[in-house]
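For reference, the structure is listed below as structure tokens.
Protein chains: 2
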Amino acid sequence: MKPRAKLQSERLADKAYAVLRSQILKGVLPPGHALSVPELSRQLGVSRSPVREAVLQLVAEGLAREQAHKGAVVAHFSLEDALQILEVREVLEVASVRLGASRAAPEDLARLKQVLQAQAKALQESDFVGYQATDLQFHRLLGTLSHNPVLERMVGLLKDQSHLALEPAARSLAQLERGYHEHRSVLAALEARNAEGAGLALLKHFKRIRESLEGWLVTK
Amino acid sequence: MKPRAKLQSERLADKAYAVLRSQILKGVLPPGHALSVPELSRQLGVSRSPVREAVLQLVAEGLAREQAHKGAVVAHFSLEDALQILEVREVLEVASVRLGASRAAPEDLARLKQVLQAQAKALQESDFVGYQATDLQFHRLLGTLSHNPVLERMVGLLKDQSHLALEPAARSLAQLERGYHEHRSVLAALEARNAEGAGLALLKHFKRIRESLEGWLVTK
DNA sequence: AGTTTACATATTACATGTAACATGTCAAGG
DNA sequence: CCTTGACATGTTACATGTAATATGTAAACT
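Going line by line, the protein sequences match chains A and B. Take the first sequence: its position 45, counted from the start at 1, is 45 in my numbering, and no numbers get skipped. In my numbering, each number is its position in the second sequence, counted from 1, plus 1000.
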């Protein structure tokens, strides 16, 4: 019956992974940046073993890629990659939301509502990076609605990849606002326990994201 | 301009991974079996590093689980796990097939047909394990139809997990035959480029699998 | 007997050593 | 100028060392 002071995993490998993942998603480590194991082990003040493990984890989750004898780099996604990821996200998140319409607990919906409020606040303050963080949370929460951990995990993995892939296509505030309203429609349908409607609302959201991505392409 | 004699990855970690994955899927390493790194490194005649890497890969792909300080074991799935995996497989494979109805190349369909022939042969010979192998191939091929590598990878990962999860529920030959005919319906619809029909046929397949799994549960 | 303690064993988690390999630089040679 | 090739540097991939930790077993105590 020990007090168990350490609730965290405490493993250096996990800590290294958390640091690297966070830095990748924040853009501190941009796509293409080399993930040199000796270099990172010096920076993090640990040996190469846990760092190697962390890098492998990132590769397995699609946030980094490695080629033989050349080490890993932060993943960088082409437009085609981004569209392919979006195609799968659409399928998975729509499924999750449709299932969630009947399965979601009131707390699940409350959490969604909370995130939407944070999102509205970020919009008011034109807090671009803040919005992106809430967007990540929102779509991860959509994954939890299904109460299916397998689905939840995949939604999370793909949202992370998407975050990285869509970062260069820095969207305008106007589009962020459209995204926010589309999110609201999804929540509204969920609160009405309307699976069909929630699925359709989310489909619209993805359709618009895809179109704006293709639109951004021509400007570039 | 070297001849590049070595086309395989040649990495010991990859080879160890391939061996372990194969043994897990074949049931040589049954669910719950410990994956001791020192033990495996002795058996495979390599050092612990590549073995550790292989085990991590397996954990990342859901074929093994590890708990802190106790090492990894071959994943074992509850009935609930199996149903959750099936739920996501259904969503992904149906999506892949619907997309594939328009995107699939004739070669894709030819490969499917080939696998179905092998499947018929395995049935005739009552070759149980042979059938399982073709089943794995068939569903992996469904993933390729979409020509979306992200989707393809996820379909493959989940089919592997499913294979492991459903192994204890050794299905009867009669059910294998039903599966074969359901596969045929999917291919027929695909050859007619009928997305709707192919999706529905595959949905039926999954519905029946789920029901027979629940049926098996009560006998157990 | 039943619990506890101590010891032996095995494994993880992290650290470090090292050969093979890739890449960049820079000077020699065409 | 351009190419070539030796050298220096840095990295991966694999091997091995080791402290902390978990587990099994047997002796010691109640």
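Glycine is no exception: its CB is placed at the ideal position from the N, C-alpha and C atoms.
The ligand COA heavy atom lying under 7 Å from the CB of residue i
{"i": "E125 (chain A)", "result": "As for the ligand COA, it is missing from this structure, which has no ligand bound."}
Exposure label - residue i; buried when at least 16 CB within 10 Å
{"i": "Q1117 (chain B)", "result": "exposed"}
{"i": "G1215 (chain B)", "result": "exposed"}
{"i": "L7 (chain A)", "result": "Caution applies to L7 (chain A), whose pLDDT of 44 falls short of 50 and renders its modelled position unreliable; the value that the coordinates give is listed next. It is exposed - the Cβ of L7 (chain A) has fewer than 16 other Cβ atoms within 10 Å."}
{"i": "K1002 (chain B)", "result": "Low confidence applies to K1002 (chain B): its pLDDT is 32, below 50, so where it sits in the model is not reliable, and the reading given next is rough at best. Under this definition K1002 (chain B) is an exposed residue."}
{"i": "R1052 (chain B)", "result": "buried"}
{"i": "A1016 (chain B)", "result": "buried"}
{"i": "R221 (chain A)", "result": "Residue coverage of chain A in this structure runs from 1 to 220, which leaves residue 221 (chain A) outside it and unanswerable."}
{"i": "E1080 (chain B)", "result": "exposed"}
Cα-Cα separation, residue i to residue j
{"i": "A105 (chain A)", "j": "V186 (chain A)", "result": "16 Å"}
{"i": "Q175 (chain A)", "j": "A122 (chain A)", "result": "14 Å"}
{"i": "I1085 (chain B)", "j": "H1205 (chain B)", "result": "15 Å"}
{"i": "L200 (chain A)", "j": "H181 (chain A)", "result": "14 Å"}
{"i": "L1226 (chain B)", "j": "G156 (chain A)", "result": "Nothing about residue 1226 (chain B) can be read from this structure; chain B reaches only from 1001 to 1220."}
{"i": "E1196 (chain B)", "j": "A1110 (chain B)", "result": "20 Å"}
{"i": "Q114 (chain A)", "j": "Q43 (chain A)", "result": "37 Å"}
{"i": "R1021 (chain B)", "j": "L1136 (chain B)", "result": "14 Å"}
{"i": "H1147 (chain B)", "j": "A1188 (chain B)", "result": "19 Å"}
{"i": "K70 (chain A)", "j": "A1060 (chain B)", "result": "22 Å"}
{"i": "T1219 (chain B)", "j": "G1143 (chain B)", "result": "33 Å"}
{"i": "Q132 (chain A)", "j": "R140 (chain A)", "result": "12 Å"}
Option in the options with minimal Cα separation from residue i
{"i": "L1173 (chain B)", "options": "B:G1130, B:M1154 and B:E1191", "result": "B:G1130"}
{"i": "Q1161 (chain B)", "options": "B:V1088, B:Y1180 and B:T1219", "result": "B:V1088"}
{"i": "L1058 (chain B)", "options": "B:L1151, B:L1029 and B:A1169", "result": "B:L1029"}
{"i": "L1213 (chain B)", "options": "B:L1200, B:P1168 and B:H1181", "result": "B:P1168"}
{"i": "H163 (chain A)", "options": "A:L109, A:P31, A:R42 and A:A192", "result": "A:P31"}
{"i": "A198 (chain A)", "options": "A:S41, A:L92 and A:A101", "result": "A:A101"}
{"i": "E191 (chain A)", "options": "A:E107, A:F128, A:E211 and A:A133", "result": "A:E107"}
{"i": "E1152 (chain B)", "options": "B:H1183, B:S1096 and B:S1078", "result": "B:S1096"}
{"i": "L25 (chain A)", "options": "A:L112, A:E66, A:S126 and A:L166", "result": "A:L166"}
Segment limits, alpha helix (DSSP H) that includes residue i
{"i": "E53 (chain A)", "result": "R48 to A60"}
{"i": "R103 (chain A)", "result": "L79 to R103"}
{"i": "S1185 (chain B)", "result": "L1173 to E1191"}
{"i": "E165 (chain A)", "result": "Glu is not the amino acid found at residue 165 (chain A); the sequence shown has Ala there. Unbroken alpha helix (DSSP H) run through A165 (chain A): P149 to L166."}
{"i": "G143 (chain A)", "result": "F128 to L145"}
{"i": "V1115 (chain B)", "result": "P1106 to Q1124"}
{"i": "V28 (chain A)", "result": "From DSSP, V28 (chain A) is part of no alpha helix (DSSP H); its letter is neither H nor E."}
{"i": "E39 (chain A)", "result": "V37 to L44"}
Residue range of the unbroken beta strand (DSSP E) whose run includes residue i
{"i": "G32 (chain A)", "result": "That residue, G32 (chain A), is in no beta strand (DSSP E); it is neither H nor E in DSSP."}
{"i": "A64 (chain A)", "result": "A64 to Q67"}
{"i": "A1072 (chain B)", "result": "G1071 to V1074"}
Problem set entry | Residues in the stretch 1141 to 1164 of chain B having any Cβ partner in chain A nearer than 7 Å | Within the stretch 1141 to 1164 of chain B, N1148, P1149, V1150, L1151 and M1154 place their CB atoms closer than 7 Å to a CB of chain A, listed in sequence order.
Exercise. In the stretch 70 to 94 of chain A, which residues sit with their C-beta less than 7 Å from some C-beta in chain B, listed in chain order?
Worked result: Listed by position, the residues of the stretch 70 to 94 of chain A near chain B (Cβ gap below 7 Å) are Q84, I85, E87, V88, V91 and L92.
For this session: Would you list, in chain order, the members of the stretch 1043 to 1056 of chain B that have their beta-carbon closer than 7 Å to a beta-carbon of chain A?
Result: In summary, the residues of the stretch 1043 to 1056 of chain B whose CB is separated from some CB of chain A by less than 7 Å are E1053 and L1056, in the order they occur in the chain.
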